[in-house]
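A.B. asks: Protein chains in written order, with our numbering: chain A, 203 to 437; chain B, 203 to 437.
C-beta: ideal position from N, C-alpha, C; glycine also.
Got a structure for you, questions after.
Number of protein chains: 2
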Amino acid sequence: MAAKYSNQSRYTVAVDCIVFGYDGKNLKILLVKRALIPLKGRWSLMGGFVAKNESADQAASRILAALTGLTNVYQEQFYTFTDPGRDTQERTISIAYFSLIDIKKYKESISDAYQAEWFSIKDFPNLIFDHQAMVKMAKKRLQYKATSHAILFELLPDKFTLPLLQSLFEDVYETSFDKGNFSRKMLSTGLLLKQRDKDKTGSKKGAYFYKLDRKNYQQNLHKILKLVPNPNSIL
Amino acid sequence: MAAKYSNQSRYTVAVDCIVFGYDGKNLKILLVKRALIPLKGRWSLMGGFVAKNESADQAASRILAALTGLTNVYQEQFYTFTDPGRDTQERTISIAYFSLIDIKKYKESISDAYQAEWFSIKDFPNLIFDHQAMVKMAKKRLQYKATSHAILFELLPDKFTLPLLQSLFEDVYETSFDKGNFSRKMLSTGLLLKQRDKDKTGSKKGAYFYKLDRKNYQQNLHKILKLVPNPNSIL
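Here is the structure:
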């Protein structure tokens, strides 16, 4: 390698991961207790430094796998935080990612080393540095992306009922839907395949299971926009 | 400031700017001849290093102002490029921005120092490093964003005709529209205010001027989606 760029500043570069999960009732985020000085022991997003020979994507996957035991997780870079004073230890650029995981899979493979805990997106502790702003932006990006990609289905089991899907959409878009209206609009998207069996845990009558129609969903995804109460507040 | 993080690598951090402009006929990007070793003299995006006391947003504005003389330009961070080998001189993280400028304004204030030139987005020289991939992603982001934000109007004069608007949309979405169909759909979005005067440079009959209805455009912006031939290829 040639001589380096002269007279330029160099900074540590980190990734921070906003991990979303859904437990069938609430949209949640996974937080850890920070293991480093400064602010050791405070609640924080899971993060780490980008090492010499890896890209930020690779660093984010490595860090998420160390925490959750999971690989092949949906993960997306969404914004880079660069305020000169954001990290009080030294100037650190943070490339933020959000990921979506199935909470049940996670439970089977969790590492205890990080003191990780799930918190409702509606009620979680104060976070260090600019991590609060990262969560806020990640949620907005999730709302935005979910209008045109099947990413929310990553948070659900393979078979799900309309009430479960409605509860997830209500949490993500911070709204409540009329039940009949939600079902009608959701079915009209052509995204769902009705199954023969029912979930009878919620009521005697039960609720039919559905699966995402992976064959035709590319053409129909943008129809989810119809479900969003005010697309212009998020798009 | 406390002791630094120990044993961590540090990298130079740059911003690169994809500057879009529209000259009334073609969507263009602004390129410069690189002033630094390596690859000095080769075509490149306009970029520079993030200095000690500035954020990436501030660096991007500073660099764009130095090149174009323009401030208060629409500018948006869209992706951070981190491949360990992307810069052959030393490891450099690049935070990429796209901006939209009115080519006419630019012409009045251009700095000659950078040997900058506009190229059609359909035909421009090979670029250094991963700048080709940056342009590709910036264009996709522009397509995506323009379905729900009035950003394409940043590229147009205050008053414009429907043929001019159609030509811009055709360039951005790489398609051609039927004239009657485009006009009908565009007017049905409720985004445009018809003016009393006509542009008569194109034909004897002339074409009415329109302005963006800035009072009501927030509610109507997502209707632009109707104009996009295949929303799922870009959303």
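1. Taking any Cβ of chain A, which residues in the segment 242 to 268 of chain B have a Cβ under 8 Å from it, in chain order?
2. Could you name the residues of the same chain whose beta carbon sits closer than 8 Å to that of L370 of chain B, not counting the 5 residues immediately before and after it, in chain order?
3. According to DSSP, simplified to helix, strand and coil, what is D399 of chain A?
4. What residue range does the beta strand (DSSP E) around V234 of chain A cover?
5. Given that a residue counts as buried once 16 or more other Cβ atoms are within 10 Å of its Cβ, and exposed if not, what is S211 of chain A?
6. Comparing the C-beta of S211 of chain B with each C-beta of chain A, is any distance below 9 Å?
7. If we call anything under 9 Å between Cβ atoms a contact, is P327 of chain B one with L233 of chain B?
8. Out of B:I330, B:V430, B:V221, B:A318, state which residue places its alpha-carbon closest to the alpha-carbon of S301 of chain B.
9. What number of angstroms, rounded off, separates the C-alpha of K396 of chain B from the C-alpha of F362 of chain B?
10. Got a sec: which bits of the segment 274 to 287 of chain B sit with their beta carbon under 8 Å from any beta carbon on chain A, in order along the chain?
11. Which of the three DSSP states, helix, strand or coil, is assigned to E278 of chain A?
12. Tell me which residues share the same chain as S350 of chain B and place their Cβ nearer than 8 Å to its Cβ, disregarding the 5 neighbours each side in the sequence.
13. Quick check: what's the CA-CA separation for T282 of chain B versus S296 of chain B?
14. Write down the C-beta distance between T294 of chain A and Y207 of chain A rounded to the nearest angstrom, noting that I regard them as a contact closer than 8 Å.
15. Listed in chain order, which residues of the segment 316 to 333 of chain A have Cβ atoms closer than 7 Å to some Cβ of chain B?
16. Checking the sheet assignment: what are the DSSP bridge partners for F355 of chain A?
17. Please identify, using Cβ separations under 8 Å, the residues of the segment 287 to 299 of chain B that lie next to chain A, in order along the chain.
18. Use the C-beta contact count for G271 of chain B: other C-beta atoms within 10 angstroms, 16 or more gives buried, fewer gives exposed.
19. Could you give the DSSP three-state label for F371 of chain B: helix, strand or coil?
20. Among the candidates B:S246, B:F331, B:S385, B:P365, whose CA atom is the shortest distance from the CA of E319 of chain B?
21. Are Y299 of chain B and Q277 of chain B close, meaning C-beta to C-beta below 9 Å?
22. By how many angstroms is the C-alpha of A352 of chain A removed from the C-alpha of Q420 of chain B?
23. Report all residues from its chain with a CB closer than 7 Å to the CB of V275 of chain B; omit the five preceding and five following residues, and keep chain order.
24. Any Cβ of chain B within less than 9 Å of the Cβ of V234 of chain A?
25. Y207 of chain B CB to nearest chain A CB: under 9 Å?
26. Can you tell me where the beta strand (DSSP E) holding D304 of chain B begins and where it ends?
27. Compare the C-alpha of Q345 of chain A against each of A:L394, A:P365, A:D289, A:N432 and name the closest.
28. Using the Cβ count rule (16 or more neighbours within 10 Å means buried), how would you classify A205 of chain A?
29. For L357 of chain A, which residues in chain B fall below 8 Å Cβ to Cβ?
30. With distances taken between CB atoms, is the gap from Y375 of chain B to L394 of chain B smaller than 9 Å?
31. Would you decide whether D314 of chain A is buried or exposed? Buried here means 16 or more other CB atoms lie within 10 Å of its CB.
32. Compute the distance between the beta-carbons of T284 of chain B and A216 of chain A, then report whether it is under 9 Å.
33. Do R288 of chain B and F321 of chain B come within 9 Å of each other at the CB atom, strictly closer than that value?
34. Along the segment 392 to 403 of chain A, where does the CB come closer than 8 Å to a CB of chain D? Name the residues.
35. What does DSSP give as the partner residues of S246 of chain A in its beta bridges?
36. Use the C-beta contact count for A237 of chain B: other C-beta atoms within 10 angstroms, 16 or more gives buried, fewer gives exposed.
C.D. replies: Taking the coordinates as given:
1. For the segment 242 to 268 of chain B, the set of residues with a beta-carbon nearer than 8 Å to any beta-carbon of chain A comprises F251, V252, A253, K254, N255, E256, S257, A258, D259, in chain order.
2. Y224, L229, L354, L357, L358
3. Here D399 of chain A sits in strand by DSSP.
4. 229 to 235
5. exposed
6. yes
7. yes
8. Taking only the C-alpha atoms, the option nearest S301 of chain B is B:V221.
9. 10 Å
10. Q279, Y281, T282, T284, D285, P286
11. DSSP places E278 of chain A in strand when its eight states are reduced to three.
12. A distance below 8 Å between beta-carbons, with the five flanking residues on each side excluded, links S350 of chain B to the following residues of its chain, in chain order: L423, H424, I426, L427.
13. 6 Å
14. The C-beta distance from T294 of chain A to Y207 of chain A rounds to 19 Å, too long to fall under 8 Å, and the pair is not in contact.
15. none
16. Beta-bridge pairing links F355 of chain A to no other residue.
17. T290, Q291, E292, R293, T294, I295, I297
18. So G271 of chain B counts as exposed.
19. helix
20. B:S246
21. Contact flag set, yes.
22. 26 Å
23. L266, S301, I303
24. Among the residues facing chain B, V234 of chain A is not included, as its CB has no counterpart in that chain under 9 Å away.
25. yes
26. Where D304 of chain B is concerned, the enclosing beta strand (DSSP E) starts and stops at 294 to 304.
27. A:N432
28. exposed
29. Residues of chain B passing the Cβ test: none, with the nearest at roughly 20 Å.
30. In this structure, Y375 of chain B lies away from L394 of chain B, with their beta-carbon atoms at least 9 Å apart.
31. With fewer than 16 other Cβ atoms within 10 Å, it is exposed.
32. no
33. No, these two residues do not count as a Cβ contact at 9 Å.
34. Checking the listed chains, one finds no chain D in this structure; the protein chains it contains are A and B.
35. According to the DSSP secondary-structure assignment, S246 of chain A is paired through a beta bridge with A:V234.
36. exposed
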